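Undergrad:
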Amino acid sequence: MRALRYPLIGTAVLLLVAPVPVRAGNRGIIGGQAVKVADVPWTVALASRERFGPVRSGQFCGGALVSRTTVVTAAHCLSREVLGVEMSEAKDLRVIVGRDDLRGGAGKEIALKDAWVNPAFNPETNGGDVAVLTLAEPVTDKAPIAMAKEGDAAYKPGTEAGVYGWGDMFGNGAYSPTLRGALVYVMEDGMCRQAYPGGPEGVYQPSTMLCAGLPRGGRDACQGDSGGPLVARGRLVGLVSWGSGCAQAGRPGVYTRVSAVAALVWAHSVDPAPGAAPPAAPPPAQPPVAPPVRPPAPSVAPSASPQVAPPAPGAGKRPGRRPRWA
C-alpha cells in the first residue's frame with residue numbers, strides 16, 4: 001500500500017518512531033554504497049534546521065544542479081505536508097552543495113532567491129512533481145548536469161542508471177549521514193503500468209513519469225531522497241518522486257520524467273537553456289546630431305554666390321533607435 005500522509009516533522013523525530021509506509025514525500029537509497037559528492041557534484045541536499053533540526057544539517061530532500069543558479073527537485077518536497085508549514089514560512093531553506101557527510105561542515109549552504117513549485121502538481125496522482133529553486137548566489141566550482149531531452153537514448157529501457165541521496169538505507173528509518181548511490185535500470189513502461197495500475201498504490205503515467213529498479217527488488221530510493229537525481233548516460237532523466245514500499249520486488253521506484261518538465265524548468269530559471277541564443281547586443285550609440293553650422297553673413301556684393309560651410313559630422317543622420325527589450 002502506498003503510505004498514508006504524514007508530515008515530516010524532522011529527521012531526529014522520524015528516527016524515534018515506527019517506520020511508516022513510503023509515499024511521495026518520503027523516498028531514500030537502499031542497496032547502495034557510499035559515493036563521493038566530488039564524483040556527482042550536481043547532487044545537492046535540501047535542508048532546514050528550523051523545520052528538521054540540526055541532525056544531518058537539517059536535510060529532508062534531494063535535488064540536482066542543472067545550471068549555476070538552478071536546482072530542480074520534487075514539488076512535494078516544498079508542500080505543507082512535508083515542511084509542516086507553508087513554504088513561505090520556512091525561512092531558513094537552504095541548498096547544500098559539496099557535502100558528503102551531513103554531520104560535517106564541508107561544502108556550502110546557499111540560501112534561496114526564489115522557488116517555483118509546479119501549480120499543476122497533483123498530490124493524488126503525483127503527476128507534475130517538479131519544483132525549481134533559484135539560488136541566491138551562483139555555484140561556480142561545481143559542474144551542473146544536463147537534462148536529457150525527449151528521445152534521448154538515456155530513457156531506453158534496460159539502461160543503467162544511478163540514483164543518489166542521503167535517505168533511508170534499509171526501509172526502517174535508518175537515514176544515512178553520508179551520500180549514497182545505487183545502480184538501477186530504466187524499466188519498460190508496460191512493467192510500470194502493471195506495477196501501478198491505479199488504486200491506493202498509485203497510477204503510472206508514462207508521459208510524465210518513468211520507473212527504475214530491479215525486477216527482483218533490492219535497490220531503490222526510499223525515505224528522505226525525494227527530489228534527488230536519477231542519472232543515465234551522464235544525463236538527468238528523473239527526479240525521485242514516489243513508490244510503494246522501498247526496494248520491493250515488482251514495485252519499482254517512480255520518477256518524474258525530466259524530458260516532460262524541462263521546458264518548465266528553463267521557463268523558471270534565470271539562466272538560459274543550453275543552446276539558447278544569447279540576447280542580441282544593443283546597437284552602438286550614435287553620436288549626437290549637431291545642427292548645421294551656419295557661416296556668418298558674407299561680406300560680398302549681393303550678386304556674388306554665398307560661401308556654404310560643409311555639414312558637421314553626423315549631421316542629417318537619425319539617432320540610433322532604442323531596442324524594444326531595453
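Numbering of the sequence shown is given in full-length UniProt numbering, commencing with residue 1 and proceeding in unit increments.
Glycine is no exception: its CB is placed at the ideal position from the N, C-alpha and C atoms.
Source: prediction; values computed, not measured.
(1) Under DSSP, the beta strand (DSSP E) around residue 180 begins and ends at which residues?
(2) When you compare each of 233, 139, 144, 117 to residue 133 by their alpha carbons, which one comes out closest?
(3) So what's residue 78 in DSSP terms, helix, strand or just coil?
(4) By Cβ distance, which residues of its chain are closer than 6 Å to residue 109, with the 5 residues on each side in sequence left out?
(5) Contact between the segment 222-231 and the segment 161-174: three or more CB pairs below 8 Å?
(6) Quick one: what does DSSP say residue 216 is sitting in, helix, strand or coil?
(7) Thinking just about the alpha-carbon of each residue, which of 216, 241, 226 is nearest to the one in residue 208?
(8) Buried or exposed: residue 114, going by 16 or more other Cβ atoms within 10 Å of its Cβ?
(9) With distances taken from CA atoms, which of 65, 89, 198 is nearest residue 146?
(10) When the Cα of residue 259 is compared with those of 148, 71, 69, which residue comes out closest?
(11) Here's a check: name, in chain order, each residue in its chain whose Cβ is nearer than 8 Å to the Cβ of residue 236, leaving out the five neighbours to either side.
(12) Decide if residue 70 is buried, meaning its Cβ has at least 16 other Cβ atoms within 10 Å, or exposed.
(13) May I ask which residues mark the beginning and end of the beta strand (DSSP E) holding residue 114?
(14) For residue 168, which beta-bridge partners are listed by DSSP?
(15) Can you look up residue 222 in the DSSP assignment and give me helix, strand or coil?
(16) What did DSSP end up calling residue 88 once you bin it into helix, strand or coil?
(17) Rank 248, 168, 212 by C-alpha distance to the C-alpha of residue 62 and give the top, closest one.
(18) With DSSP collapsed to three states, give me the class of residue 93.
(19) With respect to the beta strand (DSSP E) encompassing residue 133, which residues constitute its N-terminal and C-terminal limits?
(20) Does the segment 153-160 come within contact of the segment 79-92, defined as at least 3 CB pairs closer than 8 Å?
(21) Measuring alpha carbon to alpha carbon, tell me which of 81, 143, 130 ends up nearest residue 39.
(22) Could you have a look at residue 60 and say whether DSSP puts it in helix, strand or coil?
TA: Quick look at the numbers:
(1) 180-186
(2) 117
(3) helix
(4) 94, 96
(5) Judged by Cβ distances under 8 Å, the segment 222-231 makes contact with the segment 161-174, as three or more pairs qualify.
(6) Residue 216: coil per DSSP, three-state reduction.
(7) 241
(8) exposed
(9) Looking only at 65, 89, 198, the smallest Cα-Cα distance to residue 146 is reached by 65.
(10) 148
(11) 42, 64, 66, 72, 145, 146, 147, 148, 229, 230, 258
(12) buried
(13) 108-117
(14) 175
(15) coil
(16) helix
(17) From the listed residues 248, 168, 212, the smallest Cα separation to residue 62 is found for 168.
(18) coil
(19) 131-135
(20) no
(21) 143
(22) strand
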